[in-house]
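If you use the working numbering, the sequence shown corresponds to residues 33 to 228, in order.
All residues carry an ideal CB built from backbone N, CA and C; glycine is no exception.
As the structure is a computational prediction, the values presented were derived from the model and not from experiment.
Contents: one structure, followed by commentary.
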Amino acid sequence: MRAPALMVARKHYSLREIYWITVRAGQTVWAARRAHCDKQASERIMLAVTEVNGCALCSYAHTRWALDMGIPEQEVRDLLSGVASDAPGDELAGIAFGQHYADTRGRPDPVGWSEIVDTYGTDGALCVLRATRMMMWGNATGIPLSSLIARMRGRPDPRSTIAYEVLTSIGAIAVLPVALAHASALILVNRSPLPA
33 MRAPALMVAR KHYSLREIYW ITVRAGQTVW AARRAHCDKQ ASERIMLAVT
83 EVNGCALCSY AHTRWALDMG IPEQEVRDLL SGVASDAPGD ELAGIAFGQH
133 YADTRGRPDP VGWSEIVDTY GTDGALCVLR ATRMMMWGNA TGIPLSSLIA
183 RMRGRPDPRS TIAYEVLTSI GAIAVLPVAL AHASALILVN RSPLPA
């Protein structure tokens, strides 16, 4: 199965947003390190987040990984179209949360987060949040790179500029060590990575 021939980014993230997405992803990966996260469930959430953000590179890579994990092709197609009806019923709340998180640019409704904790428990909710935030990071950094590659192939994203694509791609690499150091500092002072 191939990713869509031309996926135009639905969201563009600033370097400031990428910085905070990186900090939150780093904190959450650490917080969820002992949780036993189901790989297929995580991949379904990642596909759903990618669909909301519209990252072509992420869509391509995660399509391959999902298929390699044994997720049926039609289900992958549906998730990349924003439809989760073929996903296991017990994963629908997590998928919907991932979509909501991406749609709100990482500012989910606190009630929605509480429902995820009620549905999955603390460890399960951390798994949902980890998959969501990891994919947000991948999308936020992958979108400008995807747009740059599309531009070099003669299919520029009409909502993007070459300056955004180049500067944001370089900037995302530059802020990575600082953002991860910030995440580490927050971990050391026991600052919760959970949504407010």
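Asked, Found
"The alpha helix (DSSP H) that contains Val207, what's its start and end?", "194-220"
"Here's the rule: buried if 16 or more other CB atoms are within 10 angstroms of the residue's CB, otherwise exposed. What is Leu220?", "exposed"
"In whole angstroms, give me the CA-to-CA distance for Glu84 and Gln131.", "The amino acid at residue 84 is misidentified as Glu; the sequence shows Val. Their Cα atoms are separated by approximately 6 Å."
"So, Leu111 versus Ala119, is the Cβ gap smaller than 9 Å?", "yes"
"Relative to the alpha-carbon of Val61, which residue among Arg96, Leu158, Ile103 has its alpha-carbon at the smallest distance?", "Leu158"
"Would you call the segment 195-208 in contact with the segment 119-129, where contact means no fewer than 3 C-beta pairs closer than 8 Å?", "no"
"Can the beta-carbon of Ser74 be found closer than 9 Å to that of Arg162?", "yes"
"What residue range does the alpha helix (DSSP H) around His132 cover?", "124-135"
"Applying the 10 Å Cβ sphere with the 16-neighbour rule, what's the burial state of Thr164?", "buried"
"Using a 10 Å radius around the Cβ and a threshold of 16 neighbouring Cβ atoms, would you call Pro142 buried or exposed?", "exposed"
"Helix or strand or just coil, what does DSSP make of Lys43?", "coil"
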